[in-house]
Amino acid sequence: MNNARRLTLLLCTAETLGMAGFALFAALLPEFQQLWGLSNTEAGWIGGGFFLGYMLAVPVLTGLTDRHDARLIYLAAMLLTALASAGFVFAEGFWSALAWRVLAGIGLAGTYMPGLKALSERIDGAAQSRAIAFYTASFGLGTALSFILAGELAKLGGWQLPALLSGACALLAWAMVQWGLAPKPVAAHEPRRLLDLAPLKSRAVLAYCLAYAVHNLELFALRAWLVAFVVFAGRLQGVEPWLSATWVAMLATLIGMPASILGNELALRVGRERWLIAVMLMSALLAGLIGLGAALPFWALLLLILLYAVTVTADSASLTAGLIGAAPASHRGAAMALYSCTGFTGAFLGPLLFGMCLDALGDNRLLGWWAAFALMGLLLLLGPLALRWAGAAPGYSGDEATLVRTAQPGGQRLP
Numbered sequence: 481m482n483n484a485r486r487l488t489l490l491l492c493t494a495e496t497l498g499m500a501g502f503a504l505f506a507a508l509l510p511e512f513q514q515l516w517g518l519s520n521t522e523a524g525w526i527g528g529g530f531f532l533g534y535m536l537a538v539p540v541l542t543g544l545t546d547r548h549d550a551r552l553i554y555l556a557a558m559l560l561t562a563l564a565s566a567g568f569v570f571a572e573g574f575w576s577a578l579a580w581r582v583l584a585g586i587g588l589a590g591t592y593m594p595g596l597k598a599l600s601e602r603i604d605g606a607a608q609s610r611a612i613a614f615y616t617a618s619f620g621l622g623t624a625l626s627f628i629l630a631g632e633l634a635k636l637g638g639w640q641l642p643a644l645l646s647g648a649c650a651l652l653a654w655a656m657v658q659w660g661l662a663p664k665p666v667a668a669h670e671p672r673r674l675l676d677l678a679p680l681k682s683r684a685v686l687a688y689c690l691a692y693a694v695h696n697l698e699l700f701a702l703r704a705w706l707v708a709f710v711v712f713a714g715r716l717q718g719v720e721p722w723l724s725a726t727w728v729a730m731l732a733t734l735i736g737m738p739a740s741i742l743g744n745e746l747a748l749r750v751g752r753e754r755w756l757i758a759v760m761l762m763s764a765l766l767a768g769l770i771g772l773g774a775a776l777p778f779w780a781l782l783l784l785i786l787l788y789a790v791t792v793t794a795d796s797a798s799l800t801a802g803l804i805g806a807a808p809a810s811h812r813g814a815a816m817a818l819y820s821c822t823g824f825t826g827a828f829l830g831p832l833l834f835g836m837c838l839d840a841l842g843d844n845r846l847l848g849w850w851a852a853f854a855l856m857g858l859l860l861l862l863g864p865l866a867l868r869w870a871g872a873a874p875g876y877s878g879d880e881a882t883l884v885r886t887a888q889p890g891g892q893r894l895p
């Protein structure tokens with residue numbers, strides 16, 4: 481196995497293990513609502529609180545990777561992830577659950593993008609884009625396995641069992657990176673502030689950040705509320721679905737991994753901007769339909785959910801690879817911090833807005849679920865608009881896999 485493949489396998493495996501506790505709350509959301517008497521808005525806060533912690537911490541933690549080896553940031557944050565995952569067993573209601581999820585989000589802020597930085601700066605050439613695609617898609621794999629871990633283990637030992645086991649998985653991920661990833665000196669760049677705002681000058685970077693924000697808003701609203709939606713569909717039909725809600729969520733999340741990787745490959749062939757706009761428009765259309773799918777036979781609803789899951793994730797790796805291509809190497813960590821911060825602002829708002837919509841229109845009515853999904857699709861349309869806005873900028877080539885900036889000497893493609 482060559483070094484690029486070994487590093488990709490190592491960090492993808494560690495990422496998957498570190499995310500074992502990611503879907504703990506979403507997978508058992510109906511149970512937690514009943515246990516703690518949570519409203520949909522409160523459930524949305526806890527579901528989004530994970531991303532609130534991420535959003536607050538990621539500008540600093542990812543920005544630090546321009547001055548320190550990303551490996552060090554990653555290792556410290558993975559220990560925090562282990563603590564926050566296992567510590568959730570002490571949650572007793574809304575506020576304590578929210579606090580533990582915010583802490584877990586801070587842990588992810590120091591592992592996800594810093595892990596990507598550690599991977600991308602150790603691999604060059606054509607292998608880098610594919611390594612990024614696999615790493616990004618592994619986020620979906622970790623999420624999918626987290627749904628099953630929570631749903632199945634909770635049947636054996638209550639919701640506390642998957643919380644404890646997810647902490648152990650994070651410790652294993654820490655050990656893998658500690659002994660499997662060699663330190664790497666940081667390339668010298670001109671001194672700059674802790675919060676580097678240079679990426680804000682790039683129209684293309686801003687467009688990718690906004691597109692990623694609404695992508696995550698839709699994606700994590702789906703992941704936060706899918707189990708509850710399938711449970712609602714079963715109640716509406718008056719029959720018990722032949723596949724449990726957590727298994728549906730696992731399948732919908734798992735299918736996102738090949739969708740993300742293949743989406744990046746197609747973007748390389750047909751043009752990144754063209755691909756991203758087409759996928760986002762299709763996903764917005766399906767978002768306007770899926771809420772009504774609760775009235776369909778379960779097999780038809782399952783197919784609709786899986787199709788929607790494909791469109792929701794088919795732009796994920798392509799967005800991230802595009803951002804890395806758009807950002808200059810000297811400010812790439814800062815650009816990734818901005819990208820991740822805006823993206824997970826959307827991830828925080830998605831579950832919350834979804835829950836608020838359900839509280840306003842009723843979580844026991846088809847109208848409420850249709851409106852909540854449709855709202856996500858409507859907001860997603862900001863993504864194609866942002867990409868078209870960037871496409872009008874001088875030096876931007878929407879038909880390329882990466883961006884060309886005339887500000888660079890000779891207009892060469894950024895690394």
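Taking our numbering, I'd label the letters of the sequence shown as residues 481 to 895. All C-beta atoms in this analysis are idealised placements derived from N, C-alpha and C, irrespective of residue type, glycine included.
Counting only the Cα atoms, residue 707 lies some 14 angstroms from residue 773. The region 649-669 makes no contact with the region 522-541; the number of CB pairs closer than 8 angstroms stays below 3. In the three-state scheme derived from DSSP, where H, G and I count as helix and E and B as strand, residue 735 is classed as coil.
A residue is called buried when at least 16 other Cβ atoms come within 10 angstroms of its Cβ; residue 608 meets this threshold and is buried.
Residue 665 carries a coil assignment under DSSP once its states are collapsed to helix, strand and coil.
When the five nearest sequence neighbours on each side are left out, the beta carbons in the same chain lying within less than 7 angstroms of the beta carbon of residue 502 are those of 622, 623 and 626, in order along the chain.
Taking a cut-off of 8 angstroms on C-beta distances, the region 824-841 touches the region 697-712, as three or more cross pairs fall below it. Annotation for residue 666: 547, 548 and 549 place their beta carbon closer than 7 angstroms to its own, counting only its chain and skipping 5 residues before and after. The beta carbon of residue 588 is closer than 6 angstroms to those of 534 in its chain, skipping five residues each way along the sequence. Going by C-alpha positions, residue 760 is about 35 angstroms away from residue 639.
Burial is judged here by how many other beta carbons sit within 10 angstroms of a residue's own beta carbon; residue 483 has fewer than 16 and is exposed. Counting along the chain, residue 762 sits inside the alpha helix (DSSP H) bounded by residues 752-770. Under the three-state reduction of DSSP output, residue 714 falls in the helix class.
Relative to the Cα of residue 493, the nearest Cα in the group 856, 650 and 780 belongs to 650. Linking residue 864 to residue 682 through their CA atoms gives a straight-line distance of about 17 angstroms. Around residue 644, the same chain offers 566 and 569 as residues with beta carbons nearer than 7 angstroms, after the five sequence neighbours per side are excluded. DSSP, read as helix, strand or coil, puts residue 695 in helix. Residue state for residue 520 is assigned as helix, using DSSP reduced to three classes.
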